[in-house]
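Counting from 1, one number per residue, gives the positions in the sequence shown under our numbering.
The beta-carbon is built from N, C-alpha and C at its ideal position, and this holds for glycine as well.
For reference, the structure is listed below as structure tokens.
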Amino acid sequence: MSHALTIFRRELGAYFNAPMAYVVAIAYVILNSSLYVLDLWAVGQVSMRSFFDWVSWTACFVIPAITMRSWAEDKKGATYELLLTFPMRAIDLVLGKFFAALVFFLFCLAGSLVIPVCLATLSTEGLGPEWGVIFAAYFGTVLAACLLISLGLFISGLCRDQIEAFIVTLVVAVGLKLIGFGPVASQIESVFPVIGNFLRESVSYSMPLGRFARGIIDFGDILFFVTWTAVFLFLNGLGLEGRMKKGARQLHAGAIALALPVAALLAGLWLDFGLPRLDMTSDKIYTVSNAAKEVLGTIPEEKPVRLKLYVSPRDEMPTSLRDLERDVVEKLEAFQRQADGLELDIVHLHADDAILRSIESRAQAFGGLDEEEDEDDERGKVEQQLGQEGIVPFRVASGGITGSEVKVIYAALSLTHGAAKKEIIPQLTPGSLSSLEQDLVTRVYRLVNDKRPVIGLLAPLQQVNIDPNQLGLFQQLGIDVSSMMNQQRDDYRVIPAILSQNDQYEVQRLNPTDQAPLPEGLDALIVMQPENLSDRWNWEISRFLHEGGSVLVAAQVLQSRPQPGPGGSIGWQVVPVETGINTLLEPYGLAIPNEMILAEESLPLQFQVSPFQPPVTVDFRWNFQLDASALDQSTALGNGISGPFIMQGVAPVKADSTKVSGLGLEVVELLSTPETSWTREVPQPNFPIPPDLNDPQPGEGPLSMVSLVRGQFPTPGVDRPPWSDNAPPEEPGPTSFEAGDGNLLVVGTAAPFRDDLISGRGGVAWTGQLMKNAVDAFALDDALLRLTLKSPRSRPIKDISRGTVVFYQFLIIGLAPLIFLVLGVFRLLRRRKIQEREYSAESELAGASA
């Protein structure tokens with residue numbers, strides 16, 4: 001080892017004594033930092049993910065420049081043969097040069113350490129950089145550098161010119177990166193499916209390095225880099241060991257031909273061994289949460305939940321989904337380790353065969369083909385049955401050598417418990433993996449628990465108003481209009497349909513005009529568009545909360561609608577709605593005031609008022625759009641809601657923090673506006689709109705529009721109000737109530753829950769997912785409320801001035817190069833001074849000898 005240390009010192013001195021080394025280090029830091037700064041301000045997140053993406057490419061150019069002289073320069077000069085005559089082993093020579101090159105690369109990489117320091121000062125309070133992810137990314141970058149340095153030494157040992165060594169190493173390094181790069185890998189696999197997939201998983205370092213950049217330290221990935229690094233170092237040393245032997249070149253070539261395929265096989269197998277991994281993310285997004293462990297732990301061993309993953313074979317998957325099966329199985333196996341009653345089976349289905357049989361069956365139905373019995377009949381019946389259960393193939397885009405194409409694949413998961421109970425997750429994609437934990441655990445809970453949750457829906461039935469002229473016309477035609485006069489319109493029929501899908505919930509429709517207590521055994525209550533609920537209804541809801549019930553309240557304090565104006569023009573009217581909801585909310589320190597939220601950037605909307613007129617564009621500040629960063633992800637209520645959110649006529653949900661905390665309750669603001677928003681009282685019925693309504697005002701944000709309150713709600717009191725003044729007397733009510741922890745979700749708008757919007761697409765459909773999440777969490781188990789979305793949290797950069805931006809750009813791009821420049825000049829002057837001193841000493845010695 002002392003010999004290796006001697007070579008290490010010699011090589012490291014050679015690096016730092018050459019002025020060109022400092023030029024390389026400075027250029028490397030400036031290039032990486034400049035590319036990263038462009039992404040930093042564009043994305044606006046305190047993340048180094050894009051920096052390490054750039055480093056993985058620039059290292060392919062810098063490391064060949066570092067290693068090109070290692071052996072090629074010695075061969076070109078007179079030092080190669082001299083090194084070979086040293087009384088040391090070949091491994092000492094190789095390791096000395098390897099670690100010297102690695103230390104110099106680390107010196108270059110150290111110039112980026114100013115970036116995490118700057119990110120820490122740029123971050124929003126409470127949302128600093130993820131230090132664990134940054135550490136994992138640096139660790140992965142060092143491992144990748146070890147691989148490339150060993151490759152560069154190996155190639156340099158085969159070349160006699162350092163320029164030749166640089167070019168060959170550069171081409172091979174970039175090639176190793178490209179065969180794992182998505183677009184290039186797609187092109188290769190479209191021509192050579194088996195070979196392309198093998199190269200991507202076993203040879204390219206792109207995928208293992210990508211996992212490190214996400215914050216995953218997988219011991220399989222560590223062994224991948226160690227395997228390839230050791231093989232290249234071994235081959236390099238083997239070439240030196242046999243340098244004087246007969247047939248050394250043939251032996252070395254044979255060793256290369258044998259070692260490289262063996263290394264590729266080993267490197268591809270490490271991940272299949274299921275080695276442990278470390279989740280370095282702050283929110284542990286790649287780790288099974290405690291809430292999931294609680295639910296999975298309730299599965300009885302004698303009656304397990306069986307999981308069946310229906311997926312297309314790997315060779316039929318597009319490149320972007322080649323790892324889908326492995327990623328899903330990894331997650332499912334992690335769940336299995338937390339529950340003895342969870343069993344997993346994988347079934348491979350061929351989507352192309354299913355489509356072909358579907359076409360043939362249609363042709364047979366129309367007499368185009370004769371029915372024939374063949375060996376695939378049984379398989380076709382199985383796929384037909386699966387299709388009836390909801391397991392059907394779906395289309396995904398795939399890049400090929402001829403451009404984009406569409407592939408049809410299977411990727412679904414079924415859960416069964418006993419003979420009759422079954423749940424389906426119909427589509428699994430890389431994007432859905434972040435919500436897989438919640439999707440699976442929620443379904444497991446429903447399967448294991450025999451009780452079917454009961455949901456109450458309290459919403460008004462609107463009286464249908466028919467135009468008097470139409471009624472007169474109907475009477476002249478002899479049509480009975482008595483039934484029309486008593487018609488009622490229900491604007492919330494879709495909510496029961498959503499909740500009753502696959503018999504997940506039993507929904508009981510309640511009417512505010514009913515004079516009956518809340519049904520016994522109610523698991524959750526949805527209150528839509530309340531309009532002056534009676535004191536008795538408020539008391540019933542308060543009692544339900546006090547006893548540990550969960551309630552979702554959505555109130556609408558204003559309506560906006562078009563109105564015909566003079567001369568055929570179209571105007572707009574804002575109409576206040578008297579909800580009376582604050583009678584229910586105020587005892588808990590909450591309120592939905594008679595105010596509307598307006599935002600600095602409005603969202604123009606078009607309405608088709610009449611088929612004979614062009615659409616009317618409405619551009620008022622009560623219409624605005626929010627992105628996904630407005631949604632709090634600390635609870636499961638935000639799962640699957642990605643934004644954007646289109647808001648129309650929404651009111652703020654205000655909380656008196658002093659009163660709320662005094663009651664021992666906790667408030668979570670789930671959806672809030674940006675700082676550039678403000679409130680204004682809803683104007684009285686007015687036509688046209690007040691002219692100053694769109695005038696910008698100072699920002700009051702963030703303003704909460706959806707808030708969750710949880711904890712022990714206070715008692716509603718024992719004095720139970722009557723349903724009405726003339727209501728018949730009731731039996732005496734209870735004098736005390738059993739207390740429990742409840743949940744109250746308050747939404748400052750009810751319009752998006754109506755039938756015409758809740759099942760829509762885009763930004764207006766967020767309420768449907770919010771309601772589904774709330775009911776799942778409220779009605780099933782409190783643990784489900786703690787199942788958060790497994791995706792990286794947004795960590796925005798705080799607002800800074802333009803001058804501050806320039807200052808940080810100088811720090812990130814220029815500080816480290818300036819330090820390197822000073823070190824280089826100092827090193828150069830010191831060496832020159834030492835050389836002058838040695839020259840003077842030699843001159844004096846020569847004079848004395850004379």
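Buried or exposed by the 16-neighbour rule on C-beta atoms within 10 Å, applied to residue i
i      : result
Ile155 : buried
Lys177 : buried
Ile285 : buried
His417 : buried
Gly152 : buried
Leu303 : Note that residue 303 corresponds to Lys in the displayed sequence, not to Leu. So Lys303 counts as exposed.
Phe224 : buried
Phe826 : exposed
Ala739 : exposed
Ala365 : For Ala365, the pLDDT reaches just 49, beneath the cut-off of 50, and the residue's location in the model is therefore unreliable, leaving the point undetermined.
Leu278 : exposed
Met20  : exposed
Closer than 7 Å: residue i CB and nearest the ligand FMN heavy atom
i      : result
Ala100 : Within the structure as shown, the ligand FMN is missing, as the structure has no ligands at all.
Residue i (DSSP reduced to helix, strand or coil)
i      : result
Leu278 : strand
Thr676 : coil
Pro304 : coil
Glu731 : coil
Gln606 : strand
His350 : coil
Gly814 : helix
Arg830 : helix
Asp370 : Low per-residue confidence applies at Asp370: pLDDT is 48, beneath 50, and the placement is therefore not dependable enough to give any value.
Pro792 : coil
Val46  : coil
Pro716 : coil
Thr227 : helix
Of the residues the options, the one placed nearest residue i, counting alpha carbons only
i      : options                        : result
Pro732 : Gln559, Glu669, Asp719         : Asp719
Arg793 : Val406, Gly126, Arg536, Leu342 : Gly126
Ala267 : Leu703, Leu525, Ser204         : Ser204
Trp723 : Phe826, Gln515, Glu600, Gln559 : Gln515
Pro698 : Pro674, Gln501, Ile689         : Pro674
Val226 : Leu143, Gln162, Gly210, Glu302 : Leu143
Val806 : Asp656, Ala4, Cys118           : Cys118
Arg489 : Leu235, Asp755, Gly44, Asp782  : Asp755
Ala137 : Gly215, Leu811, Phe104         : Gly215
Val553 : Pro796, Gln606, Met771, Asp503 : Met771
Phe713 : Val667, Ser123, Thr676, Val231 : Val667
Gly521 : Leu745, Arg831, Pro453         : Pro453
Pro530 : Val551, Asp523, Arg543, Glu547 : Val551
Ala291 : Thr442, Thr429, Ile689         : Thr442
Cα-Cα separation between residue i and residue j, rounded to whole angstroms
i      : j      : result
Asp39  : Phe820 : 24 Å
Val37  : Asp221 : 29 Å
Asp370 : Leu324 : Note on Asp370: pLDDT 48, under 50, position unreliable in the model; no value is reported.
Gly237 : Leu251 : 13 Å
Asp498 : Trp622 : Per the sequence presented here, residue 498 reads as Ile, with Asp not at that position. Rounded to whole angstroms, Ile498 to Trp622 spans 29 Å at the Cα level.
Thr281 : Phe212 : 11 Å
Ala100 : Ala27  : 20 Å
Phe198 : Ala90  : 32 Å
Ala18  : Ala253 : 34 Å
Ile424 : Ile646 : 30 Å
Gly656 : Thr579 : A small fix is needed here, since residue 656 is Asp in this sequence, not Gly. Distance between the alpha carbons of Asp656 and Thr579: 20 Å.
Ser206 : Pro64  : 18 Å
Asp161 : Arg9   : 23 Å
Glu547 : Gly431 : 39 Å
Ile179 : Gly196 : 8 Å
Endpoints, alpha helix (DSSP H) assigned at residue i
i      : result
Ser56  : 49-67
Lys451 : Premise fails: Lys451 is in no alpha helix (DSSP H) and is neither H nor E.
Lys421 : First-last for Lys421: 421-425, but that is the beta strand (DSSP E), not the alpha helix (DSSP H).
Start-to-end residues for the beta strand (DSSP E) that takes in residue i
i      : result
Gln648 : 645-648
Gly711 : 704-712
Gly140 : That residue, Gly140, is in no beta strand (DSSP E); its alpha helix (DSSP H) goes 131-158.
Asp741 : 741-747
Gln508 : 506-510
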